[in-house]
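Below is one structure; the comments refer to it alone.
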Amino acid sequence: MSADLREAGPCTKARGATRLYLPSCSADFNSFGQVFSKPKQLLQRASARTVKALWTAIGELLDAFGPAECRSHSRHCGYGRSG
Numbered sequence: 001m002s003a004d005l006r007e008a009g010p011c012t013k014a015r016g017a018t019r020l021y022l023p024s025c026s027a028d029f030n031s032f033g034q035v036f037s038k039p040k041q042l043l044q045r046a047s048a049r050t051v052k053a054l055w056t057a058i059g060e061l062l063d064a065f066g067p068a069e070c071r072s073h074s075r076h077c078g079y080g081r082s083g
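Under full-length UniProt numbering, the first residue of the sequence shown carries the number 1, and numbering increases by one thereafter.
Here's what the structure looks like:
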């Protein structure tokens, strides 16, 4: 732990705040890589060749991600339950 973090601890506690640490960075727990792999694949399949077609495809593919899938990604990556 760095000196800055040690010094910030009492200040944080005195104000009633808590510190939450992000999960360690790992390729297995990279939420962005996991979450964006599916839309990337769906966009490639859509083969949109115009900006309008691209935005239409993005709007349609968002329906492929339900709340349960989003919660599952968050939990798997160590962020706990959301919602």
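All C-beta atoms in this analysis are idealised placements derived from N, C-alpha and C, irrespective of residue type, glycine included.
Whole-Å CB distance - L42 paired with A14, under 8 angstroms assumed: Walking along the sequence shown from the start, residue 42 turns up at place 42. Walking along the sequence shown from the start, residue 14 turns up at place 14. The C-beta distance from L42 to A14 rounds to 49 angstroms, too long to meet the 8 angstroms contact threshold.
Is R15 helix, strand or coil when you go by DSSP? Reading the sequence shown from its first residue, position 15 is the one you call residue 15. R15: coil per DSSP, three-state reduction.
Terminal residues of the continuous alpha helix (DSSP H) containing L54? For the purposes of this step, residue 54 is identified with residue 54 of the sequence shown, where counting begins at 1. Segment 51-61, the alpha helix (DSSP H) holding L54.
From C77 to A53, what distance separates their C-alpha atoms? The residue you call residue 77 lines up with position 77 of the sequence shown. The residue you call residue 53 lines up with position 53 of the sequence shown. Rounded to the nearest whole angstrom, the C-alpha separation of C77 and A53 is 32 angstroms.
Determine the contact status of H73 and Q34, defining contact as a CB-CB distance below 9 angstroms. As a position in the sequence shown, residue 73 is number 73, starting the count at 1. As a position in the sequence shown, residue 34 is number 34, starting the count at 1. For H73 and Q34, yes; Cβs fall inside 9 angstroms.
Looking at A68: is its Cβ nearer than 9 angstroms to the Cβ of A57? The sequence position of residue 68 within the sequence shown is 68, counting from 1. The sequence position of residue 57 within the sequence shown is 57, counting from 1. Their beta carbons are not under 9 angstroms apart, which means A68 does not touch A57 by this criterion.
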